[in-house]
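Going down the list, the protein sequences come from chains A and B. Residues in the first sequence are numbered from 1 upward in steps of one, following full-length UniProt numbering. Residues in the second sequence are numbered from 1 upward in steps of one, following full-length UniProt numbering. Read the structure below first, then the notes.
Protein chains: 2
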Amino acid sequence: MGLLSVELSGQLLARFGDRFSISQALREQHGRGESHHTPAIPDAVIFAQSTDDVADAVRLCAAAGVPVIAFGAGTSLEGHLTAVRGGVSIDLSQMSQIIRVSAEDLDCTVQAGVTREQLNAHLRDQGLFFPIDPGANASIGGMTATRASGTNAVRYGTMRENVLSMTVVLPTGQVIRTGGRARKSSAGYDLTRLFVGSEGTLGIITEVTLRLQGVPETISAALCSFGSVEQAVSAAIAVVQLAIPVARMELMDRGLIAAANAYSGLSLKIEDTLAFEFHGSPASVREQVELVADIVKDHGGRDFEWANAPEERNRLWKARHNAFYAVVSQRQNAKGWSSDVCVPVSELSGCILKTRALLQDCSVPAAILGHVGDGNYHVVFAVDPDNEAELAEVAAINKKMVEHAISVGGTSTGEHGVGTGKIGYLRQEHGNAVDLMALLKHAIDPKGIMNPGKILPV
Amino acid sequence: MGLLSVELSGQLLARFGDRFSISQALREQHGRGESHHTPAIPDAVIFAQSTDDVADAVRLCAAAGVPVIAFGAGTSLEGHLTAVRGGVSIDLSQMSQIIRVSAEDLDCTVQAGVTREQLNAHLRDQGLFFPIDPGANASIGGMTATRASGTNAVRYGTMRENVLSMTVVLPTGQVIRTGGRARKSSAGYDLTRLFVGSEGTLGIITEVTLRLQGVPETISAALCSFGSVEQAVSAAIAVVQLAIPVARMELMDRGLIAAANAYSGLSLKIEDTLAFEFHGSPASVREQVELVADIVKDHGGRDFEWANAPEERNRLWKARHNAFYAVVSQRQNAKGWSSDVCVPVSELSGCILKTRALLQDCSVPAAILGHVGDGNYHVVFAVDPDNEAELAEVAAINKKMVEHAISVGGTSTGEHGVGTGKIGYLRQEHGNAVDLMALLKHAIDPKGIMNPGKILPV
C-alpha cells in the first residue's frame, strides 16, 4: 500500500492529463461500493475513455507492479472496489458508448461503462430490451465481472447466459476478444465464461456483446400475499417445478414490505408477499396467470392484486429494487449489509426457515427478499459500521446462513460475487477446486496486480 | 509415439488387470471417431469404472509422461480420439451409472459414460427428459467435453447452459468438483464452463450434473417444404427473429431428403425442407403453430405435413439424426466428412448461399443440413479417405466455408468441436486470444499429456 512512485505518476499524468487524479474526494469515492465493507482508498483514479486507455493504464501500472481496480457504477455489495493493496482505480463510467445494436440478431455491443438503464432507454424504440436486472443501475462491465443476475433471471438467465463475448485488457496490457457473435460455438476454451464473474482479477472488461430480447407483447404484474413466508416459498417452488415461464417471481417478507412502504411511499399490505411478472403473447400470459393463480390458492395465497398499468408496474419494481435502501433507511447513519446465497429449489424452504430463525433475535433491522424462482435469496441488514459487536453479530448470522446453504449443495453467493466478503467461504464451497482457481489466477496475472485480494486471498 | 514402457505397462496391468488391454483390435477401435479423420492408434486401452480408476490411470501415465485420451461413445466428428502422440485411451463407457435424479430440482448426476439415450430412457417414467440431442447416441461426458448441442438447442440451449457442474480428474490425478447444484452462482471462476468444451485437453470429466426438463404436455412435429433453400432459411430466420419458442427447426436440403429416403426407407417429398417440433401446453403449441404457419406461407412454404403420432415423430427425427450415415451410404466404402459452422442469424442466408455455390461443382456426394434456428449448419460429404485429390477438394471447400463464417462474426465450429480438424482456424477466429488458451493449457497441463494435439497444436 502507499502512494504511487513519482515516475509512475508522471507517466500516467503525461498519458491521461486531467483524467488522472489524486484528489482525496475522488479517491475516497472510488474505494468503496454501496455496502458495509470498510473502504480502502486507491492512490489515484484514471478516467478511461477507450480500450486503448485501459490497456495503457494497465501496462504502465503492471511495469511498476502497481494494482489496478476496475470501477463501473460503484454499486458493488461485496467489497470488490476496495483498494486493499492500494493502486489505481480505473473508472470506466466515461466508456458509455452503445457501439452497435442488431435488431435482426437480437444482440448489441456496448462499452463497459454503459449502465443497464441507459441501454434499455436506448433499446426501447426498437422494441428490444436487455433483461438482466440486478436492481441497482449497475454498469454492464460490472454486471459481467460479478456474473450478476436479478429479478428476471428465472426466465432469461444470468450474465453467464447473456454475454456472447467481450473485449478484455489482460494484465500485460494485451487486448483480446473472447469470442464472436455466433449464438453457440465449440471453438476452443470458453474464455467468455472465464471472464464473466472474474471480478477484475484476471483482466479488465472494456466492451461486451450481449444477447437482447424483444419486448413481450403482453406484460402483466401481480402481488400475492400469504400468511407466512413458508407458504409463499412453497408456492414459488411449485411454480418452478411446473416450469411455468414466469418472468419474475420475487419474495418480499413482511419486514421488507413495511420498509418499502415507508421508503417508497407505497401502501402495500404488510404481509409476506410474492411479486410476479408475466411476459408473452396474450394467450400465453393468460395461461401462465391461470396456472399460477391456482398454485398460489393451493398454498394459502390471497387473490392477486394487479399492477398492469406501466406506471404501477414501474412503481412496484422500483420499490423492489430499492429494498436495500429501504431497509438501510430504517436507521440513521446505517450501512447496508446484503448477504446472498442460492440453493437447489427443493432446499429453499428449509434454508429460508433456518435463516428466519437466525434473525429472530437479531438486534439490527433485517429483511429477507429473494429471487426465489432461482433458489436465490438475500438478507439485508442495516448495520452501524462502527459498532464492532453488531458487525460480529451479523457476521455470525451470515456465516450460519452461508454454511447451511453450502451444506445442501448451494453456493455462498448467487449473484453478488465473492469480493472480499465471501473469500472465507470459497474453500468450504469448492474444496480443492480453489487451488485450480489460484493456478489460473497466477498463470494469467503472475504479478497479482489485477484487483488483488478479491475472490482469492492475496 | 511408441509402445508403453515395460514399467508403466506393468503398473497399469497391476492396477487394472484385464481392464488394461493392448489388443490390436481394441486399440484400433479407440483410435478414431466416426468421421474421415485418419486414425491414430493408442498404445493401450483402459476401461475405467470409477473416478478413482481414472485418477489412478492419469497419475501413472503422468508420472511416465504418457498421453491420456478420454473415450466415451466414439462418436466424435473432428478427430478428438486420435492418439496423435500415442498414449493410453481411457474408455469411460463402463462408467454408465445414473447416480441421482431429482424431479423436484429438475437435475441429475450421471457418470460420464452414460449415453443420452440411456439417460432419457431412465427419465421417461418420471416425466422428465434431457433435451440436448446431437443426433448420435453420444456419451454425456463426450457431449460435455465438446460443448455439444443439436436439434433442441434453439429452445433449450447447449451443454454450456445445461451442465451445472462436474467431477474432473486433473493432469496431476487430483479430483475436483467444479461447482454445486445451485442454478446460478457468482462464487469464483467458472470452472464448469472452462471444462465444458475443453475436449479432454485440461482434464477428464468423470461425472456430470445436468439440468433436466419436464416432458412437455404437448409435442407436435411438422415438415414444410420450400422451392429453394433460400426460402426455407428466410422463413427460419423470421421465426427466430419473432422469438417463437420452437423446440426444433431443422433445415434439410433436397439432397439430404433423397439420401434420407433411401437410407431410412421414407418417402418424404424431395424438396428443401424445414422440420419443426413444438413443445408446450396445448394453447401454447397451437399459438406457435399458427404463427409459424403464417411465416412459412409468407416465405413460399407449402402446407405443413404433420407427424404427430409418437412413432411418426420418432421416424422423422431418426431420419434426421441418421443424415450423416444417409449421405455416407450413397457411396461404397466412403467415410463421412461433416463440417460445421455457426453464424449470426442475419448472416445465415448469405453463408448458406455461398456454401451451395461452393458445392455446385463438388465431385463427391454432399448435403446441407442445419440447426438453422441457432445459425448453425453442416455440410456432410461422402469421401474416399484414400483419395488425396478428393480430400484436398473437400478441404478447400471447407476452408472457404469456414473462413467466410469467421469473416461475418461466426465460428469455425458450432457444436462438433475443434479436435484436429479445426485447429488451423483457431487463430483466424480468436486472434491473440489463442495465446491465452495456450497459457491456460500450459498452466493446467504443463507436461502436455491431456489429449495432446487437440484444440491447440502440440
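Positions of the beta carbon are idealized from the N, C-alpha and C atoms, including for glycine. These numbers come from a predicted model, not from an experiment.
Exercise for the section: Give a yes or no on whether the C-beta atoms belonging to Leu12(A) and Ala57(A) are separated by under 8 Å. Expected result: Taking the first residue of the first sequence as position 1, residue 12(A) is located at position 12. Taking the first residue of the first sequence as position 1, residue 57(A) is located at position 57. Yes.
Exercise for the section: Measure how close the beta-carbons of His371(B) and Gly135(B) come, nearest whole angstrom, since I'm counting them as under 8 Å. Expected result: Position 371 of the second sequence holds residue 371(B). Position 135 of the second sequence holds residue 135(B). Here His371(B) is actually not in contact with Gly135(B); their C-beta atoms are around 10 Å apart, not less than 8 Å.
Handout entry: Straight-line gap, Leu4(A) to Ala14(A) (C-alpha atoms, nearest Å)
Key = Locating residue 4(A) in the first sequence gives position 4, where the first residue counts as 1. Locating residue 14(A) in the first sequence gives position 14, where the first residue counts as 1. Taking the straight line from one Cα to the other gives about 14 Å.
Practice task
Identify each residue in the stretch 176-203 of chain A for which the Cβ-Cβ distance to at least one residue of chain B is less than 7 Å, and report them in chain order.
Solution key: Look at the stretch 176-203 of chain A: the residues with a C-beta under 7 Å from a C-beta of chain B are Ile176, Arg177, Thr178, Gly180, Arg181, Ala182, Arg183, Lys184, Ser185, Ser186, Ala187, Gly188, Tyr189, Asp190, Leu191, Arg193, Leu194, Val196, Gly197 and Ser198.
Practice task
Please confirm if Val110(B) has its CB atom under 8 Å from at least one CB of chain A.
Solution key: In the second sequence, the residue the question calls residue 110(B) occupies position 110. Cβ-Cβ to chain A under 8 Å: no for Val110(B).
Handout entry: 6 Å Cβ shell around Gly179(B) - same chain, five flanking residues per side excluded
Key = Along the second sequence, read from residue 1 onward, the residue named residue 179(B) stands at position 179. If we look at Gly179(B) and ignore the five residues flanking it on each side, its Cβ neighbours are Ser165 and Thr192.
Handout entry: Closer than 8 Å to chain A by CB, Lys447(B)
Key = Translated into the one-based positions of the second sequence, residue 447(B) becomes position 447. No - not a single Cβ of chain A is within 8 Å of the one on Lys447(B).
Problem - Nonlocal neighbours in the same chain, by C-beta distance under 7 Å from Ile41(B), ignoring five residues either side - result: As a working note, residue 41(B) is residue 41 in the second sequence. Around Ile41(B): Arg27, Glu28, Gly31 and Ala83.
Practice task
Name, please, each residue of chain B whose Cβ falls closer than 8 Å to the Cβ of Thr413(A).
Solution key: Here residue 413(A) refers to the residue found at position 413 of the first sequence. Chain B residues near Thr413(A): Ser185, Ser186 and Ala187.
Exercise for the section: Going by DSSP, name the residue or residues bridged to residue 465(A). Expected result: The displayed coordinates of chain A run from 1 to 458. Any statement about residue 465(A) would go beyond what the structure contains.
Exercise for the section: Could you name the residues that DSSP lists as bridge partners for Ser279(B)? Expected result: Here residue 279(B) is taken as the residue at index 279 of the second sequence, counted from 1. It should be noted that the sequence gives His, not Ser, for residue 279(B). Ile219(B).
Exercise for the section: Within the same chain, show all residues whose beta-carbon is closer than 8 Å to that of Ala357(B), passing over the 5 residues directly before and after it, in chain order. Expected result: For the purposes of this step, residue 357(B) is taken as the residue at position 357 of the second sequence. The answer is none, since no qualifying residue turns up.
Handout entry: Gln332(A): contacting residues in chain B (beta-carbon distance under 7 Å)
Key = Walking along the first sequence from the start, residue 332(A) turns up at place 332. At a beta-carbon threshold of 7 Å, none of the residues of chain B lie near Gln332(A); the nearest stands roughly 31 Å away.
Exercise for the section: Going by CA-CA distance only, name the one from Gly33(B), Asp52(B), Glu104(B) and Val45(B) that's closest to Gly74(B). Expected result: Residue mapping note: residue 74(B) aligns to position 74 of the second sequence, counting from 1. The shortest C-alpha separation from Gly74(B) is found at Gly33(B).
Problem - Asp105(B) versus Ile98(B): straight-line alpha-carbon distance, rounded - result: Residue 105(B) sits at position 105 when you count from the first residue of the second sequence. Residue 98(B) sits at position 98 when you count from the first residue of the second sequence. Distance between the alpha carbons of Asp105(B) and Ile98(B): 16 Å.
Exercise for the section: Indicate whether at least one CB of chain A lies closer than 8 Å to the CB of His299(B). Expected result: Along the second sequence, read from residue 1 onward, the residue named residue 299(B) stands at position 299. It does not: the Cβ of His299(B) has no partner Cβ on chain A nearer than 8 Å.
Problem - Lys269(B) (DSSP reduced to helix, strand or coil) - result: The count along the second sequence starts at 1 and reaches residue 269(B) at position 269. Reduced to three states, the DSSP call for Lys269(B) is coil.
Practice task
Spatial neighbours of Val154(A) within its chain, please: CB distance less than 8 Å, with the 5 preceding and 5 following residues excluded, ordered by chain position.
Solution key: Along the first sequence, read from residue 1 onward, the residue named residue 154(A) stands at position 154. Taking C-beta separations shorter than 8 Å and ignoring five residues to either side along the sequence, the partners of Val154(A) in its chain run Val240, Val246, Ala247, Arg248, Met249, His371, Gly373 and Asp374, following chain order.
Handout entry: Closest by C-alpha distance to Ser198(B), when choosing among Met143(B), Ile176(B) and Ser281(B)
Key = Translated into positions along the second sequence, residue 198(B) becomes position 198. It is Met143(B) whose Cα lies nearest to the Cα of Ser198(B).
Practice task
Kindly indicate if chain A contains any beta-carbon less than 8 Å away from that of Asp105(B).
Solution key: The residue labelled residue 105(B) in the question sits at position 105 within the second sequence. Interface residue, yes.
Practice task
Check the Cβ-Cβ distances between Met437(B) and every residue of chain A, and say whether any is below 8 Å.
Solution key: The residue you call residue 437(B) lines up with position 437 of the second sequence. Contacts with chain A at 8 Å (Cβ-Cβ) include Met437(B).
Practice task
For Asp43(B), write down the residues that DSSP places opposite it in a beta bridge.
Solution key: Here the question's residue 43(B) lines up with position 43 in the second sequence. Looking at the DSSP output, Asp43(B) shares a beta bridge with no other residue.
Handout entry: Nearest-angstrom beta carbon gap, Glu78(B) and Thr411(B) [assumed within contact, 8 Å]
Key = Here residue 411(B) refers to the residue found at position 411 when the second sequence is read from its first residue. Here residue 78(B) refers to the residue found at position 78 when the second sequence is read from its first residue. Contact between Thr411(B) and Glu78(B) fails: their C-beta atoms lie close to 13 Å from each other, not under 8 Å.
Practice task
Have a look at Val66(B), Val68(B), Ala25(B) and Phe20(B) and flag the residue whose alpha-carbon is nearest the alpha-carbon of Gln49(B).
Solution key: The sequence position of residue 49(B) within the second sequence is 49, counting from 1. Measuring from the Cα of Gln49(B), the nearest candidate turns out to be Phe20(B).
Problem - For Val341(A) and Val402(A), the rounded distance between their alpha carbons - result: In the first sequence, counting from the first residue as 1, residue 402(A) sits at position 402. In the first sequence, counting from the first residue as 1, residue 341(A) sits at position 341. Approximately 6 Å between the Cα atoms of the pair.
Practice task
Compare the beta carbon distance of Glu393(A) and Ser363(A) with 8 Å and say whether it is the shorter of the two.
Solution key: Residue numbering aside, residue 393(A) sits at position 393 when the first sequence is read from its first letter. Residue numbering aside, residue 363(A) sits at position 363 when the first sequence is read from its first letter. Yes; because the gap between Cβ atoms is below 8 Å, this pair is in contact.
Exercise for the section: Closer than 7 Å by beta-carbon distance: list the chain B residues that pair up with His416(A), in chain order. Expected result: As a working note, residue 416(A) is residue 416 in the first sequence. By Cβ distance, chain B contributes Ser186.
Handout entry: Under 7 Å by beta carbon: chain A residues contacting Gln174(B)
Key = Within the second sequence, residue 174(B) is the residue found at index 174, counting from 1. What Gln174(B) touches in chain A: Asn432.
Exercise for the section: Please report how far the alpha carbon of Ala187(A) lies from the alpha carbon of Glu415(A), in whole angstroms. Expected result: On the first sequence, position 187 is the one that residue 187(A) refers to. On the first sequence, position 415 is the one that residue 415(A) refers to. Taking the straight line from one Cα to the other gives about 28 Å.
Problem - Residue of Ala395(B), Gly417(B), His430(B) and Asn387(B) minimising C-alpha distance to Ile406(B) - result: Translated into positions along the second sequence, residue 406(B) becomes position 406. Minimum Cα distance to Ile406(B) is reached at His430(B).
Practice task
Spatial neighbours of Val168(A) within its chain, please: CB distance less than 6 Å, with the 5 preceding and 5 following residues excluded, ordered by chain position.
Solution key: As a working mapping, residue 168(A) is identified with position 168 in the first sequence. Excluding five sequence positions before and after Val168(A), the CB atoms of its chain that fall closer than 6 Å to its own CB belong to Ile176, Phe195, Gly203 and Ile205, given in chain order.
Practice task
Assign Ser329(A) to one of three DSSP states: helix, strand, or coil.
Solution key: The residue labelled residue 329(A) in the question sits at position 329 within the first sequence. Residue state, collapsed to three classes: coil.
Handout entry: Glu7(B) to Ile90(B) span [Cα, whole Å]
Key = Walking along the second sequence from the start, residue 7(B) turns up at place 7. Walking along the second sequence from the start, residue 90(B) turns up at place 90. Taking the straight line joining both Cα atoms gives about 18 Å.
Practice task
Could you tell me which of Gln330(B), Ser185(B), Gly150(B) and Lys297(B) sits nearest to Leu223(B), measuring between CA atoms?
Solution key: Start at 1 with the first residue of the second sequence, and residue 223(B) comes out as number 223. Taking Leu223(B) as reference, the option from Gln330(B), Ser185(B), Gly150(B) and Lys297(B) with the minimal CA-CA separation is Lys297(B).
Problem - At least three beta-carbon pairs within less than 8 Å, the stretch 231-240 of chain B to the stretch 304-311 of chain B - result: Output reads no: the stretch 304-311 of chain B does not touch the stretch 231-240 of chain B.
Exercise for the section: Could you tell me if Ala389(A) is buried or exposed, where buried requires 16 or more neighbouring beta carbons within 10 angstroms of its beta carbon? Expected result: Taking the first sequence and counting its residues from 1, one reaches residue 389(A) at position 389. By the neighbour-count rule (16 or more Cβ atoms within 10 Å), Ala389(A) is not buried but exposed.
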